[in-house]
Structure formats: C-alpha cells, structure tokens
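As given, the protein sequences belong to chains R and X, one line each in that order. Its first residue numbered 561, the first sequence is counted upward by one per residue in this note's numbering. Its first residue numbered 4, the second sequence is counted upward by one per residue in this note's numbering. Report on one structure; see the data block that follows.
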Amino acid sequence: MSKKYDTPLLDELEKGPWPSFVTEMKKAAARSEMANDELGQLEKSYRTKRGYWKHGGIVGVLGYGGGVIGRYSSLPDEFPGVAHFHTVRINQPSGWFYTTKALREICDIWDKYGSGLTNLHGSTGDLVLLGTTTENLEPLFAEYSSRGWDLGGSGSAMRTPSCCIGPARCEWANIDTLEICYQMTQKFQDELHRPAFPYKFKIKVAGCAVDCVASIARADCSIIGTWKGKIEIDQDAVQWYAKNGMDIKAEIVDMCPTACISYDGTNLSIDDDNCSRCMHCISKMTKALKPTGEKGATILIGSKAPIVVGSLMSWVIVPFMKLEPPYDELEELIRKMIEWWDDNAKPRERIGELIEARGMREFLEAIGVPPQPQQVFEPRKDPFFFWKDEDLTKE
Amino acid sequence: MDTNELKDKIFAFVEAAKGKKKLKEKDIIKGVSADTGVDKDTVKKALREMIDVGRLMYSYGGGASSVEIPSEEYLREKGLIK
Chain R
561 MSKKYDTPLL DELEKGPWPS FVTEMKKAAA RSEMANDELG QLEKSYRTKR
611 GYWKHGGIVG VLGYGGGVIG RYSSLPDEFP GVAHFHTVRI NQPSGWFYTT
661 KALREICDIW DKYGSGLTNL HGSTGDLVLL GTTTENLEPL FAEYSSRGWD
711 LGGSGSAMRT PSCCIGPARC EWANIDTLEI CYQMTQKFQD ELHRPAFPYK
761 FKIKVAGCAV DCVASIARAD CSIIGTWKGK IEIDQDAVQW YAKNGMDIKA
811 EIVDMCPTAC ISYDGTNLSI DDDNCSRCMH CISKMTKALK PTGEKGATIL
861 IGSKAPIVVG SLMSWVIVPF MKLEPPYDEL EELIRKMIEW WDDNAKPRER
911 IGELIEARGM REFLEAIGVP PQPQQVFEPR KDPFFFWKDE DLTKE
Chain X
4 MDTNELKDKI FAFVEAAKGK KKLKEKDIIK GVSADTGVDK DTVKKALREM
54 IDVGRLMYSY GGGASSVEIP SEEYLREKGL IK
C-alpha cells in the first residue's frame, strides 16, 4: 500500500472479546487501496464527527434501475481510493445458505473489481458488496450474472424478498419459507429490477411467529407461518421442565399474552380457542408443546422503519392463508396491494403510511378482502369499519 | 402508431419534464398513453426497450427512483458513445 493511516479511534473498536469490523477492514486494507482509503476516511469521520459520503445519483447497470447504490467521497483528493465507492446488492439465496465454493466465487470476483469489503448480510437481506467504481460496474455485473448471480433491489422498487431458514433447519416452520421466498423473487423479477413504485416494498417470510427475519417490524408485506389446530401437550415433558428448574407459572403461564394457559402444578392446559399463536410457550418448552393441524400463513401489511414518519408494525389483513405451490393466491393478493398503493401514494410514501392516511376500510375494499375480527389492530381504539349508506336499509 | 414514433413521443414527454418534475415510470406510461391513445402495456414495452438500449435511464435521488434522459457521461461509461 502506498500509505498507512494512523487510526487511534478505530483501534478502540478492536478492544474486547467480540469480533471487530475494524480488524476485518485492516485485513482488506493490506491488499486493497480502496479499503485502505476507506479506513483513513472513516478515522477522519470519527475524529471530526462528520460524514464524508455523498449518496445517490445515476449509477447502475444498463437496463436495471436497482441493485447499485451510488456512493462518492466528498474528499476525493485526500482519499482517492474511495472517490467512487458504490455499494452493490447481490440477491441472496433463500435462507442465506451458501456452499463455501459459492462464497469463494463471490469473494474472488469482488476482489477483482471492488474493495474486498463485504457485509453478509445487509438489513435488506441482500449480500452487500461495499465499494467499487462506476467503470467496474458493468464488468462486475457481467461476471456475476455469467455465474448465475443477480442484483438485488434498491430504490423505489420491490426489494429482494427474504426469509428465515424455515424447514431447512427449524422444526417450528409452518410453511416452506425458502420456496415461498424463491417463488416471490421469481414472480416479481420485473418489479425488483425496474423501479416503478412510489417507494420501496419489502416482502419477508417467517416460518412462525418467533419471526427470526423480523418481518413484522420491517416488511411492507409480512408472511408469517401459523397453524389452525391445537397445541399438543406432552405432560411428562412438562414435568421434566418443572423438575429441571423452569418456573412454569412465571415463564409460561404469566407470559401468555392471551392468558389462555393454566398449570395446576402437575398438568398444563391450553384454551386453544383463545390462543393467538404467538409461539412463546412452544419456543420455551420445545420438548413439551407442538402445533398440530392445518398449516399456513398469516399475511400482514404495513411495517416500516422510521424515515418519513414514525415506525409502524405490520397489521393482520389475512388471518390464515393456505400456502402451497405455485402460490398464485399470495401473488395475486400482493399485486392488488401494490396496485392500490401505486395508484394512490405520494412519492416516498410507504403502503403502511398510505393505509394510515386513507384508512384500512378503503384498502380492504381495494384488495377484495372482507373485514374480519382478527384485523382489529387496537381493540376499542380504532374502529375502522363504518356502515355506508347502501348498507343501511329502512324497515 | 409505429414503435419508433411511440418512442419519440415517450422521449419528448420525458424531455418536456426535464428540470421540472422527476417522472416515475408509471407517470410516463399514464401520460403518454393518455396523449397518444396507445394502451399502457404497449407504452410500457416501448419505454423498457428505450431503457435497455440507454436512450432513457433509471435515476435515483431524494429517496425515490425516476426515469431520465441519460447524460453524455453516462452513455460514455456504458460504451454507448465514444
């Protein structure tokens, strides 16, 4: 490397027993001028308490409107290696499963065209490559796509759908999250690569209400696995937990959000009609409790992080949908949601914000979903169903 | 209306908005379809073809994506002009 930066402030972040991104950046800096200058600019940011990145613009690959996030240093003379430092999003495989061969392939190409710095994975779910130049974008994309990789979503587009690991490794998965995520990615390819929406739209698929992919907080459309039957109880296993130190009243009974569990010191019982399928008891007593019966998903709408207005959590619109290949019913529902949002939203307005502004009633009418009790977000607080004139008849 | 004529109409629509309004893809499709009477799917197809060859391009700014006329610098980067 032509220069070496002193990084006393960044060095502080290498102390302690946890992994440090600074250590990893230093490793990359030993081989890459871009990573080296990124280290220098970051140290300067920490010292001056100012950011030196400019964001946005017109970088991308021909025909695609997303997948590359333009980033430039505002100090190109001081840090020429990061004058261009664009981020590239690669569409991750469902559940983030890679072979080591695939990971080596990704890294080898990235070392050739970029800084070598990666973020596995970004909060979007994509495999994120940090730092390349405008002139390297087309050859980089050509090389990745020749090996079967594709760019992810960015901008006002369908973002790369993501999912939890689901049935690949998790006994609680009520739906095939991996297949649903893959099929939605294929069905919405056009919307993913060609930004035509008012703003971003995210789909996340979780196998159960534990929601390892944080769909209820982060996805415009959350698909969360659930079941219709009872929770099967193995009373011997319940006793095993009690004997091994679990305070069943405090940890299970008192934590049930609908108070549908009781325990008499010997037997556990569940009033399944009042169970909201939150998964708390099942995830705490894995040996003793098991969902049974028909499996499917609850479809929710509208969560987002706080950017334009405050954060929102997803809202149940379809309490139970049977999800089986080729998932046409789910696709059709999502397309109706998008169509209403696209027709009515202002630029940079997420679907959840539009529902807040226009009302859930209008949204449900537009997508053709009937009102149901499970859709009441806050009981007795926001009654969003009203009689219309045509609903009223005089006797 | 043949495809080339439609593409010229699309280009003129985008050019007229230059510096005044950031156009979403849907704004162009709706606007050109209303102006020309050509159905939206045909306009969309023609617009996509223009983007694929670099006559128009996707842009991003202020948190939202739009469709614009590419700069010479962009066309040079993509090897579309020398």
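Virtual Cβ for every residue (Gly too), placed ideally from N, Cα, C. If you're wondering where the values come from, they're calculated on a predicted model, not measured in any experiment.
Spatial distance of residue i from residue j (CA atoms)
i: I808/R; j: G856/R; result: 29 angstroms
i: W709/R; j: G625/R; result: 17 angstroms
i: N804/R; j: A797/R; result: 11 angstroms
i: G40/X; j: I740/R; result: 39 angstroms
i: G676/R; j: Y887/R; result: 38 angstroms
i: G691/R; j: Q935/R; result: 44 angstroms
i: A49/X; j: F757/R; result: 18 angstroms
i: I867/R; j: E909/R; result: 10 angstroms
i: D814/R; j: V878/R; result: 28 angstroms
i: S871/R; j: E703/R; result: 38 angstroms
i: H681/R; j: W901/R; result: 29 angstroms
i: P930/R; j: D736/R; result: 26 angstroms
i: K47/X; j: N679/R; result: 35 angstroms
i: C781/R; j: I911/R; result: 9 angstroms
i: E891/R; j: I783/R; result: 12 angstroms
i: K564/R; j: G82/X; result: 36 angstroms
i: L622/R; j: D951/R; result: 53 angstroms
i: R957/R; j: F880/R; result: Lying before the first or after the last residue shown, residue 957/R is absent from chain R, which here runs from 561 to 955.
i: S843/R; j: M806/R; result: 13 angstroms
i: S874/R; j: A865/R; result: 11 angstroms
i: T6/X; j: E28/X; result: 18 angstroms
i: L849/R; j: V876/R; result: 25 angstroms
Minimum Cβ-Cβ distance from residue i to chain X less than 8 angstroms
i: G715/R; result: yes
i: T694/R; result: yes
i: K755/R; result: Here residue 755/R turns out to be Pro, not Lys, going by the sequence shown. Taking Cβ atoms only, chain X reaches closer than 8 angstroms to P755/R, which makes this a yes.
i: P907/R; result: yes
i: Y801/R; result: no
i: G691/R; result: no
i: Y673/R; result: no
i: D686/R; result: no
i: L752/R; result: no
i: G767/R; result: no
i: E698/R; result: yes
i: Y887/R; result: no
Integer Cβ distance of residue i from residue j, believed to fall under 8 angstroms
i: N734/R; j: T786/R; result: 6 angstroms
i: S822/R; j: K760/R; result: Not really, about 44 angstroms apart at Cβ, beyond 8 angstroms.
i: G641/R; j: N596/R; result: 6 angstroms
i: S863/R; j: R778/R; result: 6 angstroms
i: S528/R; j: V773/R; result: This structure cannot speak to residue 528/R, because chain R is shown only from 561 to 955.
i: K896/R; j: G928/R; result: 7 angstroms
i: T694/R; j: V582/R; result: T694/R to V582/R, Cβ: 27 angstroms. No contact.
Proximity test, Cβ basis, 8 angstroms: residue i and chain R
i: I84/X; result: no
i: S36/X; result: no
i: I54/X; result: yes
i: K43/X; result: no
i: G66/X; result: yes
i: E75/X; result: no
i: E18/X; result: no
i: K23/X; result: no
i: K27/X; result: yes
i: K48/X; result: no
### Message
Does the contact criterion of 3 or more C-beta pairs under 8 angstroms hold for the stretch 646-653 of chain R versus the stretch 67-75 of chain X?
### Response
With the rule of 3 Cβ pairs closer than 8 angstroms, the stretch 646-653 of chain R does not count as touching the stretch 67-75 of chain X.
### Query
Is it a yes or a no for the stretch 16-32 of chain X touching the stretch 65-72 of chain X, going by three-plus beta-carbon pairs under 8 angstroms?
Short answer: they touch.
### Query
Mind pulling the beta strand (DSSP E) runs of 3 or more residues that sit fully within the stretch 750-793 of chain R?
Entirely contained in the stretch 750-793 of chain R, the beta strand (DSSP E) runs reaching 3 residues are, in chain order, 763-766, 781-787 and 791-793.
### Query
With a cut-off of 8 angstroms, do at least 3 Cβ pairs link the stretch 766-785 of chain R to the stretch 837-853 of chain R?
These segments touch.
### Message
Is it the case that the stretch 563-580 of chain R contacts the stretch 601-618 of chain R, given that we only count it when at least three CB pairs across the two stretches are under 8 angstroms?
### Response
Yes, since at least three Cβ pairs between the stretch 601-618 of chain R and the stretch 563-580 of chain R fall closer than 8 angstroms, the two stretches touch.
### Message
To test your reading of the DSSP string, which unbroken beta strand (DSSP E) runs of 3 or more residues are found completely within the stretch 799-841 of chain R?
### Response
Runs of the beta strand (DSSP E) inside the stretch 799-841 of chain R: 821-823 and 828-830.
### Task
With a floor of 3 residues, list each beta strand (DSSP E) that falls wholly inside the stretch 673-747 of chain R, ordered by position along the chain.
Segments of the beta strand (DSSP E) lying fully in the stretch 673-747 of chain R: 674-679 and 687-692.
### Message
For a minimum of 4 consecutive residues, which ranges assigned as the alpha helix (DSSP H) are wholly contained in the stretch 838-915 of chain R?
### Response
The alpha helix (DSSP H) runs of length 4 or more contained entirely in the stretch 838-915 of chain R are, from start to end of the chain, 840-844 and 888-904.
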